[in-house]
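With mature numbering (1 follows the signal peptide of the UniProt record, and there is no 0) as the guide, the letters of the sequence shown map in order to residues -22 to -1, 1 to 356.
Ideal Cβ placement from N, Cα and C applies to all residues, glycine included.
Keep in mind the model is a prediction, meaning the values are calculated, not measured.
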Amino acid sequence: MKTSLLAATAALMLGSACMASAEPVKIGLITTLSGGGAGLGVDTRDGFMLAIKQSGRKDVTVVTEDDAQKPELAVQIADKMIQSENVDVLTGIVWSNLLMAVQPGVVAQGKFYVSTNAAPAALAGAKCDPLYFNAAYQNDNLHEAMGEYANKGYKKMFIMAPNYPAGKDSLTGFKRYYKGTVANEVYTQVGQTDYAAEIAQIRASGADGVFVFLPGGMGIAFMKQYAQSGVKTPIIGPGFSFSQDVLPAIGDAALGVKASGQWVKDLDNAANKAFVPAFEKEYGRLPSIYAVQAFDAAQLILSASSKASVKDAKAFAAALNAADIKSPRGNFKFNTNRHPIQDIYVTEVVKENGVLTNKTVEKIFTDHSDAYAKECKK
């Protein structure tokens, strides 16, 4: 699946001075638009394109392709975009194993990569690169928040995630802050849909809480099966497991679940109050974390390209690093490893006007940064 889109004029315009200094920029957006992870990729694409549309920039081209959640395909697409499409910046990958496959080739060919979601620990630390920026978080961050939250009421936790880089970062992050006992640490298969064995382990574990990171179709399948099992041990998780894109499919089984996020629909800031209704008007649904992150990634690229030529890597990197955007998250800035420093919240799944969504419960971290920045020497 491939689309090329010149950004159309929209209500929110860049200032005339920025427009005057801007030069054409071509962006390659690789994301998951088919299979069990398609909801995440669709929200990524739509959030990104909303920012492009709102900018009014007619000199920005976005080329979009579906990676089908396959690392080898993502690499092929990235190489084609660079060598045949002549893109200046790449973005959009949802899954950390795909990004780990794609990012080395992108930066080796002298191109910028601005991540909308995937944020593996290695790329935040020792394998960081001046051409690689992350507009989302570092993988551990939202899980760290739930580890801190679990200290308030859970003495023995069963923790579970898929066996790929983000899953390993997830449980590492949770354990970094959780001070209680880990009853069991389980890694499932990526794309798994049958969780009978894991639910039996939870039942037998004696845990008083369960932390799960299962994004996309994995989380939908698990939560439905968990509700049917009759096991009553409370579930908590990161925002990805209970994001807006999966809540309709999970249904009422998600009600009351506590999660974590660096963005929540009800955050009280001007940018968020503009973003949520704009997304809903454009696409007929509420945005998810994936949409917000992609929206901000596009804002970052647009802002940088209005101030510096993407052909001048040093100047463009400095412009990206300035993070001169109004994020729906509120405060947003980059750490020394070009990953965000931001607030993180505990949320609860509720039903508003018949629609499942998340509301803010409390701020768990203020200006939170990741544990790997000190290892980044570039």
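Using the three-state DSSP reduction, which class does residue i fall into: helix, strand or coil?
i	result
Pro216	coil
Ile177	helix
Asp244	coil
Phe294	helix
Val333	strand
Ser238	strand
Tyr350	coil
Ile55	helix
Thr9	strand
Thr338	strand
Gly25	helix
Phe191	coil
Leu233	coil
Ile322	strand
Lys355	coil
Lys251	helix
Glu63	coil
Lys202	helix
At the level of alpha carbons, what is the spacing between residue i and residue j?
i	j	result
Gly145	Phe189	12 Å
Tyr323	Tyr173	28 Å
Ser(-2)	Ala252	Residue confidence for Ser(-2) is low, a pLDDT of 48 falling below 50, so the modelled location carries little weight; the figure read from the coordinates is stated next. Spanning the two alpha carbons is a distance of roughly 26 Å.
Pro255	Ala249	11 Å
residue 385	Ile180	Here the chain covers residues -22 to 356 and nothing more, so residue 385 does not appear.
Gly234	Gly88	46 Å
Phe343	Glu258	28 Å
Gly208	Ala231	11 Å
Asp302	Ala96	22 Å
Asp45	Met78	14 Å
Ile279	Ala161	44 Å
Thr42	Gly19	11 Å
Ala351	Ser93	16 Å
Asp246	Glu340	13 Å
Thr166	Thr150	15 Å
Gln170	Ser287	44 Å
Ala349	Phe191	19 Å
Ala139	Ala296	36 Å
Thr159	Pro216	19 Å
Indicate whether residue i and residue j have their beta-carbon atoms separated by less than 8 Å.
i	j	result
Met201	Ile228	yes
Cys106	Asn315	yes
Leu225	Val328	no
Tyr110	Ile214	no
Asn336	Lys243	yes
Met59	Val40	no
Tyr156	Asn117	no
Ile137	Val65	no
Ala29	Phe312	no
Ser183	Thr325	no
Judging by CA-CA distance, which residue of the options is the nearest neighbour of residue i?
i	options	result
residue 359	Val333, Gly197, Ala293	Nothing about residue 359 can be reported from this structure: the residues present for the chain run from -22 to 356 only.
Pro108	Gly215, Val85, Asp66	Val85
Gln240	Pro140, Ser266, Thr211, Val224	Ser266
His121	Phe218, Glu1, Ile8	Phe218
Gly195	Glu1, Gly15, Met135, Thr9	Gly15
Leu51	Asp24, Ile8, Ile137, Lys36	Ile8
Ile71	Ala104, Thr22, Ala182	Thr22
Ser12	Glu1, Phe220, Lys355, Lys48	Lys48
Met135	Gly187, Gly103, Asn141	Gly187
Pro212	Val38, Ser62, Tyr132, Cys354	Tyr132
Asp321	His346, Ser305, Pro98	His346
Lys304	Glu330, Ala293, Gln271	Gln271
Would you say residue i faces chain C, with C-beta separation under 8 Å as the test?
i	result
Tyr110	As a matter of chain content, chain C is missing from the structure shown, which is built from one protein chain.
Give, in chain order, every unbroken run of the beta strand (DSSP E) that is at least 3 residues long and sits entirely within the region 78 to 115. 90 to 93, 110 to 112
What ranges does the alpha helix (DSSP H) occupy inside the region 120 to 178, keeping only unbroken runs of at least 4 residues that lie completely in it? 143 to 155
What residue ranges within the region 255 to 306 form continuous alpha helix (DSSP H) runs of no fewer than 4 residues, ordered along the chain? 267 to 285, 291 to 299
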